[in-house]
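Residue numbers (UniProt numbering): 1 to 128. Here a beta-carbon is modelled for each residue, glycine too, at the ideal position from N, C-alpha and C. Only a predicted model underlies this, so the values are computations on that prediction, with no experimental measurement involved.
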């Protein structure tokens, strides 16, 4: 318990120093071995967490969009597919919002993976 307390205090001190010296937005959440919560936030903890979640979801959406584009290239002519996919996802994003769009991306990726497996098995059959 003493070691945890010392290390916790050290982390809290460093988080404070980093926020002051570098003008960084810091949010630190610590749970003790006994599940006690300790936290530090240079501004609002809630706003910092929301900012992180928003940034993280944007990165996931970007990555998934790239994966979908790559998978779709195998099935349709590249330029037609790119413009169609890009324009349709922009409209969907505006209507549904980030979280629902993430779910739609995930479902689309699952469908494309299934299609990819089907095409791979057909290709293997044709090569035999």
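Residue 46 has its alpha-carbon roughly 25 Å from the corresponding atom of residue 4. Burial is judged here by how many other beta carbons sit within 10 angstroms of a residue's own beta carbon; residue 106 has fewer than 16 and is exposed.
The continuous alpha helix (DSSP H) containing residue 17 extends over residues 2 to 21. In the DSSP assignment, residue 29 falls within the beta strand (DSSP E) that extends over 27 to 31.
In the DSSP assignment, residue 39 falls within the unbroken beta strand (DSSP E) covering 37 to 41. Here residue 44 carries a coil assignment [DSSP, helix/strand/coil]. Taking the CA atoms as reference points, residue 55 sits about 25 Å from residue 37. Residue environment analysis places residue 119 among the exposed positions, since fewer than 16 neighbouring C-beta atoms fall within 10 angstroms of its C-beta.
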